[in-house]
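Enquirer: Every letter in the sequence shown is one number past the one before it in UniProt numbering, and letter 35, counting from 1, is 35.
All C-beta atoms, glycine included, are put in the ideal place defined by N, C-alpha and C.
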Amino acid sequence: MSQSAMQEITCPKCGKKHSFQVWDSINTLEFPEMKEKVRNDEAFRYRCPDCGATALLNYNFLYHQQEDKILIFVDADGSSYGDMEKILKQRGNAFDGYRKRIVLSYNDFKEKLLIFDAGLDDRIVEIIKSSIWDNVEERYKDKHIDEIYFATNEDGENGFLFRKEGHMVASMEFDKALYNAIKEAALSRIDAISRDDLIIDRNWAKTIVARLG
1 MSQSAMQEIT CPKCGKKHSF QVWDSINTLE FPEMKEKVRN DEAFRYRCPD CGATALLNYN
61 FLYHQQEDKI LIFVDADGSS YGDMEKILKQ RGNAFDGYRK RIVLSYNDFK EKLLIFDAGL
121 DDRIVEIIKS SIWDNVEERY KDKHIDEIYF ATNEDGENGF LFRKEGHMVA SMEFDKALYN
181 AIKEAALSRI DAISRDDLII DRNWAKTIVA RLG
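1) What residues in its chain sit with their C-beta under 8 Å from that of Val136, if we drop five residues either side in the sequence?
2) Counting only runs of 4+ residues fully inside the region 156–193, write out the alpha helix (DSSP H) ranges in chain order.
3) Report the residue from Ile9, Glu33, Glu36 and Lys141 whose alpha carbon sits nearest the alpha carbon of Leu56.
4) Beta-carbon separation of Cys14 and Asp50 under 8 Å?
5) Our contact map puts Trp133 next to Arg202 with C-beta atoms below 8 Å; I'd like the distance itself, whole angstroms only.
6) Rounded C-beta distance between Ile72 and Phe109? I'm assuming under 8 Å.
7) For Lys17, which residues from the same chain have a beta carbon less than 8 Å from its beta carbon, with the 5 sequence-adjacent residues on both sides left out?
8) When you compare each of Glu36, Phe44, Cys48 and Asn60 to Asp24 by their alpha carbons, which one comes out closest?
9) What does the alpha-carbon distance come out to for the pair Phe160 and Leu114?
10) Relative to the alpha-carbon of Arg123, which residue among Arg195, Arg139 and Arg47 has its alpha-carbon at the smallest distance?
11) Need the endpoints of the alpha helix (DSSP H) that Arg34 sits in, please.
12) Within 10 angstroms of the Cβ of Glu64, are there 16 or more other Cβ atoms? Answer buried if so, exposed if not.
13) Lys86 by DSSP, collapsed to three states: which one?
14) Smallest Cα separation from Ser171: which of Lys129, Leu198 and Leu104?
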């Protein structure tokens, strides 16, 4: 069930206060238009009626794409993922059979959507990203890259964006052949040791790669 409430937001530019719809839970089967609005940022972008300034609000919410059995909890302030992890790992809950994830930032949430929209397994993608990170830190440390994100361009081509202090500094194509090779060779073992894992990120990938040997 979708849940939202009007909250008072202070404009970061002019200081005026206005109401904005803030979502605690989004169900795209109940509100199909929200599927696009979370992807184009409309659901979270505050626009001040007085000065026109915009701001992307970053807060905790549960995203439920029920028609595709996808559930993502965004713990933007890092305060709730422990409790949510316990709930989602309980056997026999309403979300058995779902792809359940917990992410710790809005950017990570958007990346998960892009990966799932592309029909990919985010665990394999994170393993590939982990290898890319190792290469970047070994050979391009002077570039000070601090973020790598999976992305899809307007032509539907997948790749990775390299960012420094919020700005893109480089990109590379997504190697689908490598993805398929890793999936074929390791998916069954990944499933066996991480089926219930909810936070799938760089730290997770490093741990899994070490366990896979």
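Expert: Looking at the atomic coordinates:
1) Within the same chain, Val136 has close Cβ partners Lys143, Ile145, Ile148 and Phe162.
2) Uninterrupted alpha helix (DSSP H) stretches at least 4 residues long and entirely within the region 156–193 do not occur.
3) Out of Ile9, Glu33, Glu36 and Lys141, Ile9 has the C-alpha closest to the C-alpha of Leu56.
4) If you check the CB distance, Cys14 and Asp50 come in under 8 Å.
5) That pair is a contact at about 6 Å.
6) Contact flag correct, Cβ pair sits at about 6 Å.
7) The residues Glu8, Ile9, Thr10 and Cys11, in chain order, have a CB closer than 8 Å to that of Lys17 in the same chain once the five nearest residues on each side in sequence are set aside.
8) Closest option to Asp24, Cα to Cα, is Asn60.
9) Distance between the alpha carbons of Phe160 and Leu114 is about 11 Å.
10) Considering only Arg195, Arg139 and Arg47, the residue with the shortest C-alpha distance to Arg123 is Arg195.
11) According to the sequence as given, residue 34 is Met; it is not Arg. Element bounds for Met34: Glu33 to Arg39.
12) Checking the sequence shown, residue 64 turns out to be His, not Glu. For His64, the number of other beta carbons within 10 angstroms of its own is at least 16, and it is reported as buried.
13) Note: Lys86 maps to helix in three-state DSSP.
14) Considering only Lys129, Leu198 and Leu104, the residue with the shortest C-alpha distance to Ser171 is Lys129.
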